[in-house]
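*Asks:* This is the structure I have questions about; it appears just below.
There are 2 protein chains.
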Amino acid sequence: MRTYLDCFPCILKQALEYAKLSGADIRTQKKIIDKVARSLPKMSLTASPPETGRNMRKYVMKVTGNSDPYRGIKIKSNSIALRFYRVFKKHIKRSNDKLLTAIQLAIAGNIIDYGAKNTLNIENEMGKILRQEYKTIKHEDCRIFDYAGFKRNLKKTKMLLYIADNAGETVFDRVLIEEIKRIDKDKRVIYAVKEKATINDALMEDALASGVDKTAEIISCGADTSGTVLKHCNENFIKLYRNADMVISKGQGNFEALSDSRRSVFFLLKAKCRVIADHISSLGIKCKEGDVVMYYQKYRGF
Amino acid sequence: MRTYLDCFPCILKQALEYAKLSGADIRTQKKIIDKVARSLPKMSLTASPPETGRNMRKYVMKVTGNSDPYRGIKIKSNSIALRFYRVFKKHIKRSNDKLLTAIQLAIAGNIIDYGAKNTLNIENEMGKILRQEYKTIKHEDCRIFDYAGFKRNLKKTKMLLYIADNAGETVFDRVLIEEIKRIDKDKRVIYAVKEKATINDALMEDALASGVDKTAEIISCGADTSGTVLKHCNENFIKLYRNADMVISKGQGNFEALSDSRRSVFFLLKAKCRVIADHISSLGIKCKEGDVVMYYQKYRGF
Chain Y
716 MRTYLDCFPC ILKQALEYAK LSGADIRTQK KIIDKVARSL PKMSLTASPP
766 ETGRNMRKYV MKVTGNSDPY RGIKIKSNSI ALRFYRVFKK HIKRSNDKLL
816 TAIQLAIAGN IIDYGAKNTL NIENEMGKIL RQEYKTIKHE DCRIFDYAGF
866 KRNLKKTKML LYIADNAGET VFDRVLIEEI KRIDKDKRVI YAVKEKATIN
916 DALMEDALAS GVDKTAEIIS CGADTSGTVL KHCNENFIKL YRNADMVISK
966 GQGNFEALSD SRRSVFFLLK AKCRVIADHI SSLGIKCKEG DVVMYYQKYR
1016 GF
Chain W
716 MRTYLDCFPC ILKQALEYAK LSGADIRTQK KIIDKVARSL PKMSLTASPP
766 ETGRNMRKYV MKVTGNSDPY RGIKIKSNSI ALRFYRVFKK HIKRSNDKLL
816 TAIQLAIAGN IIDYGAKNTL NIENEMGKIL RQEYKTIKHE DCRIFDYAGF
866 KRNLKKTKML LYIADNAGET VFDRVLIEEI KRIDKDKRVI YAVKEKATIN
916 DALMEDALAS GVDKTAEIIS CGADTSGTVL KHCNENFIKL YRNADMVISK
966 GQGNFEALSD SRRSVFFLLK AKCRVIADHI SSLGIKCKEG DVVMYYQKYR
1016 GF
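Protein chains in written order, with the numbering used here: chain Y, 716 to 1017; chain W, 716 to 1017.
Put into structure tokens, the structure is as follows:
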């Protein structure tokens, strides 16, 4: 997905949030927002938003000297989500369709994104997830949620590549992977996180803190972009991305980065802004801001 | 209220919305957003947001040749609100405290702001207003809603200046003014609108379309700013603003423009963004985004 003009105000907003979270004083905040504003006209509209945002974040990090301003938020997200781990497991155990419930939880986990909504009250949202207030997934509509296709693909998959999104959400991912492994313990599941800090994207330390290592191999994709931009990924990841029998990609950033890539991918995400909702709609899938989407990108030419 | 750094992304967003509503093609939209982005570093942080936004809007109007891109929206807002006029009147008639109900409606009417939320479904919101889902006005808390003070002031007022905010909201204002006049038909009420189009702010034509002329004198404040910036107002308005026994100011834009002015004002508004909510909180009034506020600015030095 390319960068839209509507992304410009958002890039500016993120720069300011980054600066504030880094503890920058008002003078430094002004310096940062001025520089980013001046750089907007030069930004590429053919690159994906995670790519466009990369230079902005690198600049803010350089000025503030803080390479991971969301660290505290990520640690908190992991620990709050972990508190709900047993509740989620019980929830799945009681379900008639355990895999479906685990998928629903994994998508709902995507709401934990301090990049898009920094005032989100995680505990409240957890309550909503458990009360199943996020039932927007229409599994009758195969264009959005092709559950039958998902199950069919999963069954014949030997090696599954699962691309992580945010810290905290990692606990939800663990729960889904555990359910996948419960059905078939011989499946190889590789869980890919970011190499370096970018917003609240999960790093190796977050995956470990969430206990993902108990059920999957964890690797770094090599990128420092808030979305797995392939040209910034390492060779190992690229190879796995090409060769995996099935790829699950979590979150908006990864969708933005990978939706033009030439392979089939199951995208699980919440459409967090109007730009992405409109973009998904332009693919023929009616989507509005806030919708929870499982989109199967089918690629036949690889 | 001064312009905050957090207003910068919003100015950029408004510029793009303005350009789109003006029917600008993608090239022109890009030209506009680039120019506005480049001008942000030069913007004054001591001026109020309506003042800061003025040049941006003038520039967009010049480039697109469209001096009133929100015209269609304003006409629609007036006509939809008018459809509810009789329902509002009945609602007030049934109320035990008719003035309070009329005030509550007038504040609720402030939700109709295409400048802040352009996807708002007016009819849905009207339903919410009638079901009194906007009961956030705490009239026990005198710092926020000094109803006793309001009534006391109103009683001794001979000339009331009522400063309008948006088109559509004008119908709600009419209902409140009619209630004020029902209590005391000899009160002089002057209703001030903007001189030239700015976002969806009410102009003379909107006040007339809403039938405000049936109950009040309508004047133009002389300004073309989305908020009554005194230095852009005409002499007649300034005189009235100084001499009125009581001033009611509607909406966020007018609060931003007048909250530092040296006279007592009853501000009725919905805090539509975090910046204004934080600003109001800094005045010692706990306020969060989305709160409905009636704030009495007391000035003793005039």
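In this text, a Cβ means the ideal position worked out from N, Cα and C, and glycines have one as well.
1) I'd like the span of the alpha helix (DSSP H) that includes Leu973/Y, first residue to last.
2) At a Cβ threshold of 9 angstroms, is Pro764/W touching chain Y?
3) Sort Leu984/Y, Tyr1014/Y, Thr872/Y by Cα distance to Ala823/Y and report the nearest one.
4) Measure the Cβ-Cβ separation of Gly926/Y and Leu736/Y and say whether it is below 9 angstroms.
5) Which full runs of the alpha helix (DSSP H) of 4+ residues lie inside the region 752-817 of chain Y, going along the chain?
6) So the alpha helix (DSSP H) Tyr733/Y belongs to, where does it begin and stop?
7) DSSP three-state label for Met716/Y, please.
8) Grouping DSSP H, G and I as helix and E and B as strand, with all else coil, what is Tyr1014/Y?
9) Whose C-beta lies closer than 6 angstroms to the C-beta of Arg769/W among residues of the same chain, with five residues either side of it excluded?
10) For Glu910/W, does the count of other Cβ atoms within 10 angstroms reach 16, so buried, or fall short, so exposed?
11) In whole angstroms, what separates the C-alpha of Tyr877/Y from that of Cys936/Y?
12) Closest by CA to Lys902/Y, which one among Glu1004/Y, Ser974/Y, Ala931/Y?
13) Examine the ligand ZN and report whether any of its heavy atoms sits within less than 8 angstroms of the Cβ of Ile895/Y.
14) Using a Cβ distance threshold of 8 angstroms, determine whether the region 986-993 of chain Y contacts the region 720-731 of chain Y, with at least three qualifying pairs required.
15) I'd like to know whether the C-beta of Ala986/W is nearer than 9 angstroms to at least one C-beta of chain Y.
16) Go to Ala922/Y, then tell me how far its alpha helix (DSSP H) extends in each direction, as first and last residue.
17) Can you tell me where the alpha helix (DSSP H) with Ala907/W in it begins and where it stops?
18) Which residues, in chain order, does the region 732-756 of chain W contribute to contact with chain Y at a C-beta distance below 7 angstroms?
19) Does the separation of the CB atoms of Tyr1014/Y and Arg957/Y fall below 9 angstroms?
20) Counting only Cβ pairs nearer than 7 angstroms, list the residues of chain W close to Lys728/Y.
21) Is Val802/Y near Tyr774/Y, with beta carbons less than 9 angstroms apart?
22) Closer than 8 angstroms by beta-carbon distance: list the chain Y residues that pair up with Leu720/W, in chain order.
23) Report the residue from Gly738/Y, Ile790/Y, Ser792/Y, Met716/Y whose alpha carbon sits nearest the alpha carbon of Thr761/Y.
24) Let's see if you can read the secondary structure: which residues bound the alpha helix (DSSP H) around Leu869/Y?
25) If you measure between the beta carbons of Ser964/Y and Gly883/Y, is that distance less than 9 angstroms?
26) Of all Cβ atoms in chain W, is any one closer than 9 angstroms to the Cβ of Phe998/Y?
27) Does chain Y have any CB closer than 9 angstroms to the CB of Gly830/W?
28) With DSSP collapsed to three states, give me the class of Asn915/W.
29) Measuring only between beta-carbons, confirm whether Thr834/Y sits less than 9 angstroms from chain W.
30) Is the distance from the Cβ of Ala959/Y to the Cβ of Ile905/Y below 9 angstroms?
31) Do Ile934/W and Ala972/W have their C-beta atoms within less than 9 angstroms of each other?
32) Taking Arg889/W as the reference, give the member of Thr913/W, Lys873/W, Leu814/W with the closest Cα.
33) Can the beta-carbon of Leu875/Y be found less than 9 angstroms from the beta-carbon of Met961/Y?
34) Under three-state DSSP, which class holds Ile933/Y?
*Replies:* According to the structure data:
1) Looking at the DSSP string, the run of the alpha helix (DSSP H) that includes Leu973/Y is 966-973.
2) The beta carbon of Pro764/W sits no closer than 9 angstroms to any beta carbon of chain Y.
3) Residue Leu984/Y is the option with its Cα nearest to Ala823/Y.
4) It is not a contact, given that the beta carbons lie outside the stated cut-off.
5) You should have 764-779, 786-798, 800-809.
6) Its alpha helix (DSSP H) spans residues 722-736.
7) Per DSSP, reduced to three states, the secondary structure at Met716/Y is coil, with no helix or strand assignment.
8) Note: Tyr1014/Y maps to coil in three-state DSSP.
9) Here Arg769/W has Thr940 as same chain residues with Cβ atoms under 6 angstroms from its own Cβ, once five neighbours each way along the sequence are excluded.
10) Residue environment analysis places Glu910/W among the buried positions, since at least 16 neighbouring C-beta atoms fall within 10 angstroms of its C-beta.
11) Each residue's alpha carbon lies about 11 angstroms from the other.
12) When the alpha-carbon of Lys902/Y is set against those of Glu1004/Y, Ser974/Y, Ala931/Y, the nearest one is in Ala931/Y.
13) The ligand ZN is not among the ligands present in this structure, which contains no ligands whatsoever.
14) Touching, yes.
15) With 9 angstroms as the cut-off, Ala986/W does not count as an interface residue toward chain Y.
16) Counting along the chain, the alpha helix (DSSP H) containing Ala922/Y begins and ends at 919-924.
17) Taken as a continuous stretch (DSSP letters only), Ala907/W belongs to no alpha helix (DSSP H), being part of the beta strand (DSSP E) at 903-908.
18) Those residues of the region 732-756 of chain W that come within reach of chain Y (Cβ to Cβ, closer than 7 angstroms) are Gln744, Lys745, Ile748, Asp749, Ala752, Arg753, Leu755, Pro756.
19) No, the pair does not count as a contact, with Cβ atoms beyond the cut-off.
20) Those are Pro724, listed as they occur along chain W.
21) No, the pair does not count as a contact, with Cβ atoms beyond the cut-off.
22) The contacting residues are Leu731, Ile741, Gln744, Lys745, Ile748.
23) If we check each option's Cα against that of Thr761/Y, Met716/Y comes out closest.
24) Segment 862-870, the alpha helix (DSSP H) holding Leu869/Y.
25) In this structure, Ser964/Y lies away from Gly883/Y, with their beta-carbon atoms at least 9 angstroms apart.
26) According to the sequence as given, residue 998/Y is Leu; it is not Phe. Chain W, which has no Cβ nearer than 9 angstroms to the Cβ of Leu998/Y, makes this no.
27) For Gly830/W, the predicted structure reports a pLDDT of 43, less than 50, and the residue's modelled location is therefore unreliable. A value from the coordinates is still provided. For Gly830/W, not one C-beta of chain Y is nearer than 9 angstroms to its own C-beta.
28) It is coil, neither helix nor strand.
29) Since pLDDT at Thr834/Y reaches only 44, below the 50 mark, its modelled position is unreliable, and no value is offered.
30) Yes, the Cβ-Cβ distance between Ala959/Y and Ile905/Y is below 9 angstroms.
31) The beta carbons of Ile934/W and Ala972/W sit no closer together than 9 angstroms.
32) Per the Cα distances, Leu814/W.
33) Going by C-beta atoms, Leu875/Y is nearer than 9 angstroms to Met961/Y.
34) The three-state reading of DSSP puts Ile933/Y in strand, counting E and B together.
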